[in-house]
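S.K.: Residue numbers (the working numbering): 1 to 43.
My structure is below; once you've seen it, I'll send some questions.
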Amino acid sequence: MQIGTIDAQLIRLCRRHDLMLLSADGDFRSARAQVAFRLWSAV
């Protein structure tokens, strides 16, 4: 799976500032298998 540029930037910002990402987008759930970050999924 390839992470899109904008998605990767959002993940990077959340990791750097220790923030939780709120999203209903399934791409972020898939990205969590590759990159550790805090995700609150609305689904």
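Note that CB positions come from ideal geometry on N, CA and C, so glycine has one too.
#1: On a CA-only basis, which of Asp27, Ala36, Trp40 is nearest Met1? Give me that one, please.
#2: What's the gap between the Cα of Arg32 and the Cα of His17?
#3: Based on the DSSP output, what are the partners of Leu21 in its beta bridges?
#4: Put Ala33 into one of helix, strand or coil per three-state DSSP.
#5: In whole angstroms, what separates the C-alpha of Ile11 from that of Asp25?
M.R.: Taking the definition as stated:
#1: Position 1 of the sequence shown, counting from 1, holds the residue named residue 1. By alpha-carbon distance to Met1, the top candidate from Asp27, Ala36, Trp40 is Asp27.
#2: In the sequence shown, residue 32 corresponds to position 32, counting from 1. In the sequence shown, residue 17 corresponds to position 17, counting from 1. So the two alpha carbons sit approximately 17 Å from each other.
#3: Indexing the sequence shown from 1 puts residue 21 at position 21. Under DSSP, Leu21 takes part in a beta bridge, and its partners are Leu39.
#4: Stepping through the sequence shown from its first residue, residue 33 is reached at position 33. Of the three classes helix, strand and coil, the one that applies to Ala33 here is coil, per DSSP.
#5: Numbered from 1 along the sequence shown, position 11 holds the residue referred to as residue 11. Numbered from 1 along the sequence shown, position 25 holds the residue referred to as residue 25. Going from the Cα of Ile11 to the Cα of Asp25 covers about 13 Å.
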